[in-house]
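Numbering (the numbering used here), first residue to last: 15 to 178.
Even for Gly, the Cβ is constructed at its ideal location relative to N, Cα and C.
Since the structure is predicted, the reported quantities are computational estimates derived from the model, not experimental observations.
Remarks on the structure that follows.
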């Protein structure tokens, strides 16, 4: 009978051992699977971001509205605002800011504050050099703080207002 107990305990020992090894291998396999799944998600996200960047670049390359210099773009913007054509004026802003810019111009019109904006814009002076397709102009009210107008050069070769 001792022989039978020994065989039985050996079977249990080997069974538990194989189960432990199996669970260990399963855990390693699942960890590898989970890591690969995460890497695939990151790759998909990176590809989606590349596509979005390409779409934005293509939109910017196709956008021909704006001047060949920052000053020309600013002058066109001022003329459009003076004419009350806020739709056209918003087109001189970067694509991301066009809708919001149009709303802000309409709000300024309702508050009768457009003249303040126009006076600031008409008195802008260059502030530095063009660096990596970016340029800045500044304006000041009497002895108040400086107000800046930032421009960015689009791939199409025209300048857009990034921020006022």
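Go through its chain and collect everything with a Cβ distance to residue 102's Cβ below 6 Å, but skip five positions before and after it.
Numbered from 1 along the chain shown, position 88 holds the residue referred to as residue 102. 94.
Can you pull the DSSP bridge partners for residue 26?
For this step, residue 26 is matched to residue 12 along the chain shown. None; residue 26 has no bridge partner.
Assuming residue 167 and residue 142 make a contact with CB atoms under 8 Å, what is their CB distance in whole Å?
In the chain shown, residue 167 corresponds to position 153, counting from 1. In the chain shown, residue 142 corresponds to position 128, counting from 1. Not quite, the Cβ-Cβ distance comes to about 14 Å (not below 8 Å), so this is no contact.
Please name the residue in 51, 178, 42 whose C-alpha comes closest to that of residue 138.
Numbered from its first residue, the chain shown carries residue 138 at position 124. Of the listed residues, the one whose Cα sits closest to residue 138 is 178.
Residues bridged to residue 70 (per DSSP):
By one-based count along the chain shown, residue 70 stands at place 56. Paired residue(s): none; residue 70 is not in a bridge.
Taking Cβ positions, are residue 170 and residue 78 nearer each other than 7 Å?
Within the chain shown, numbered from 1, the residue matching residue 170 stands at position 156. Within the chain shown, numbered from 1, the residue matching residue 78 stands at position 64. Closer than 7 Å, so yes.
Less than 7 Å between the beta carbons of residue 116 and residue 127, yes or no?
In the chain shown, residue 116 corresponds to position 102, counting from 1. In the chain shown, residue 127 corresponds to position 113, counting from 1. Not closer than 7 Å, so no.
Assigned secondary structure, residue 129 (DSSP; H/G/I helix, E/B strand, else coil)
Counting from one through the chain shown, the residue named residue 129 turns up at place 115. Note: residue 129 maps to helix in three-state DSSP.
Three-way DSSP call (helix, strand, coil) for residue 15 in this model
Walking along the chain shown from the start, residue 15 turns up at place 1. At residue 15 the pLDDT is 46, less than 50, meaning the model places this residue with poor confidence; the figure from the coordinates comes in the next sentence. The answer is coil: DSSP assigns residue 15 none of H, G, I, E or B.
What is the C-beta distance between residue 88 and residue 163, in whole angstroms, given that I count them as a contact (C-beta under 8 Å)?
Position 74 of the chain shown holds residue 88. Position 149 of the chain shown holds residue 163. So it is a contact: roughly 7 Å between Cβ atoms.
Using a Cβ-Cβ distance under 7 Å, would residue 73 count as near chain D?
Here there is only one protein chain, and chain D is not present.
Look at the alpha carbon of residue 46 and the alpha carbon of residue 40, and state the distance between them as a whole number of angstroms.
Your numbering for residue 46 matches position 32 in the chain shown. Your numbering for residue 40 matches position 26 in the chain shown. Near 10 Å, if we compare the C-alpha coordinates of residue 40 and residue 46.
Short check: CB of residue 173 to CB of residue 80, under 7 Å?
To locate residue 173, count along the chain shown from 1; it is residue 159. To locate residue 80, count along the chain shown from 1; it is residue 66. Yes, the Cβ-Cβ distance between residue 173 and residue 80 is below 7 Å.
Considering only their Cβ atoms, is the gap separating residue 92 from residue 135 smaller than 7 Å?
Mapped onto the chain shown, residue 135 falls at position 121. Mapped onto the chain shown, residue 92 falls at position 78. Yes, these two residues count as a Cβ contact at 7 Å.
Determine the extent of the beta strand (DSSP E) in which residue 92 is found, giving its start and end residues.
The count along the chain shown starts at 1 and reaches residue 92 at position 78. Taken as a continuous stretch (DSSP letters only), residue 92 belongs to no beta strand (DSSP E), being part of the alpha helix (DSSP H) at 84-96.
Suppose you measure from the CA of residue 113 to the CA of residue 119; what does that come to, to the nearest Å?
Locating residue 113 in the chain shown gives position 99, counting from the first residue. Locating residue 119 in the chain shown gives position 105, counting from the first residue. Residue 113 and residue 119: Cα-Cα distance of roughly 10 Å.
DSSP state of residue 120, grouped into three classes?
Stepping through the chain shown from its first residue, residue 120 is reached at position 106. Of the three classes helix, strand and coil, the one that applies to residue 120 here is helix, per DSSP.
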